[in-house]
Amino acid sequence: MINTEKQNLMPLQKRLALKLVNLHYQTQTGHLGCSLSCLQLIIGFVLLNRDPKDVFILSKAHAGSALYVCLNELQEIDDQILATYMQNGTTLGVHPVANCFPRIKYTLGSLGHGLPIATGLALAKKLKKESGLVIVLLSDGETNSGSCWEAMHFAKKHNLNNLVVIIDHNGFQGFGATAEVLGDTASPLLWRNFSNQLIEINGHDQIQINNSLITAQNNSSSEPMIIIANTIKGHGISFLENSVAAHYQILNEEQHKRALLDLQKYA
Numbered sequence: 007m008i009n010t011e012k013q014n015l016m017p018l019q020k021r022l023a024l025k026l027v028n029l030h031y032q033t034q035t036g037h038l039g040c041s042l043s044c045l046q047l048i049i050g051f052v053l054l055n056r057d058p059k060d061v062f063i064l065s066k067a068h069a070g071s072a073l074y075v076c077l078n079e080l081q082e083i084d085d086q087i088l089a090t091y092m093q094n095g096t097t098l099g100v101h102p103v104a105n106c107f108p109r110i111k112y113t114l115g116s117l118g119h120g121l122p123i124a125t126g127l128a129l130a131k132k133l134k135k136e137s138g139l140v141i142v143l144l145s146d147g148e149t150n151s152g153s154c155w156e157a158m159h160f161a162k163k164h165n166l167n168n169l170v171v172i173i174d175h176n177g178f179q180g181f182g183a184t185a186e187v188l189g190d191t192a193s194p195l196l197w198r199n200f201s202n203q204l205i206e207i208n209g210h211d212q213i214q215i216n217n218s219l220i221t222a223q224n225n226s227s228s229e230p231m232i233i234i235a236n237t238i239k240g241h242g243i244s245f246l247e248n249s250v251a252a253h254y255q256i257l258n259e260e261q262h263k264r265a266l267l268d269l270q271k272y273a
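Going by the numbering used here, the sequence shown opens with residue 7, and the numbers climb by one from there.
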């Protein structure tokens with residue numbers, strides 16, 4: 007069992023952030039900024055959550071590399087396979103593919119699809135009287151999609167209190183700031199219409215993340231749990247933080263060195 011005291015979690019966070027940055031540099035791939043913004047959320051809801059009855063869905067599938075490094079830490083993806091990320095013939099595409107690994111059961115990548123899948127799974131669990139949560143991680147830009155709103159109406163109507171919706175609220179999407187595209191459709195003011203069980207957390211504070219999971223596990227209401235995680239795109243790397251470019255930027259040698267130096271003070 008991993009010790010979840012803050013001082014013991016920091017080396018884990020740093021190690022995985024370094025692994026993530028090295029992976030993107032070695033494979034010369036983008037989507038690093040959006041993966042760094044949700045890495046700690048995936049650490050909390052996948053790596054540190056040891057309830058086998060819970061289901062995790064990465065709806066913001068362009069951050070697949072963050073999930074892969076966590077599964078590598080769990081020894082569910084070995085180092086040799088991880089090194090093939092985004093290479094010819096790999097099973098590790100930018101968007102995870104169903105059934106290549108036990109925890110990856112759904113192929114996603116078209117934004118707005120993960121939440122509808124999650125609501126269906128949550129309803130099925132209720133009908134079959136199965137325990138465990140269905141946890142889905144969305145991007146804030148993804149909440150522009152009408153399918154997300156339809157799914158939340160469905161969740162509210164069917165009292166899906168076993169559903170946990172996490173929004174990676176980093177303020178940026180592929181081609182701009184979310185506020186400038188369609189407005190902040192991940193605003194707590196909007197999402198509270200679907201559930202009073204809504205909390206905001208610092209998505210880079212592992213203790214807050216872990217406590218939010220405990221809150222979700224103890225949800226005795228009839229409403230779904232919504233966690234809005236305020237994050238920083240490109241977290242931990244000074245020249246990527248809060249940058250639209252961080253979505254697709256590929257690190258050159260000098261940027262890679264700067265990134266590694268920045269992550270030495272990762273917290």
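Note that beta-carbon positions come from the ideal geometry of N, C-alpha and C, so glycine has one too.
Going by DSSP, His159 is part of no beta strand (DSSP E) but of the alpha helix (DSSP H) stretching over Gly152 to Lys163.
Given a length threshold of 3 residues, each whole run of the beta strand (DSSP E) inside the stretch 20-80 is given here in chain order: 61-64. Taking a cut-off of 8 Å for Cβ pairs, the stretch 164-184 and the stretch 223-241 touch, as three or more such pairs fall below it. Judged by DSSP secondary structure, Asn217 falls within the alpha helix (DSSP H) whose first and last residues are Gln212 to Gln223.
The secondary-structure analysis by DSSP pairs Leu143 across a beta bridge with Leu64 and Ile172.
Taking 8 Å as the upper bound for CB-CB distance, Gln212 and Ile49 are in contact here, some 7 Å apart. In this structure, the straight-line span from the alpha carbon of Val52 to that of Cys76 is close to 8 Å. In this structure, the straight-line span from the alpha carbon of Leu15 to that of Thr125 is close to 31 Å. Exclusion of the five residues before and after Ala235 leaves Leu47, Ile172, Ile173, Asp174, His175, Ile207 and Gly209 as the residues of its chain whose Cβ lies within less than 7 Å of its Cβ. Counting along the chain, the unbroken beta strand (DSSP E) around Ala235 starts and ends at Met231 to Asn236. A residue is called buried when at least 16 other Cβ atoms come within 10 angstroms of its Cβ; Ala130 does not meet this threshold and is exposed. For Gln179, the secondary structure class from DSSP, reduced to helix, strand or coil, is strand. His164 and Met158 have their C-alpha atoms some 10 Å from each other. Distance from Glu82 to Pro108 at the Cβ level is roughly 7 Å; contact confirmed, criterion being Cβ atoms closer than 8 Å. Per DSSP, the unbroken beta strand (DSSP E) holding Ile205 starts and ends at Leu204 to Asn208. Collapsing the DSSP output to three states places Ile87 in a helix.
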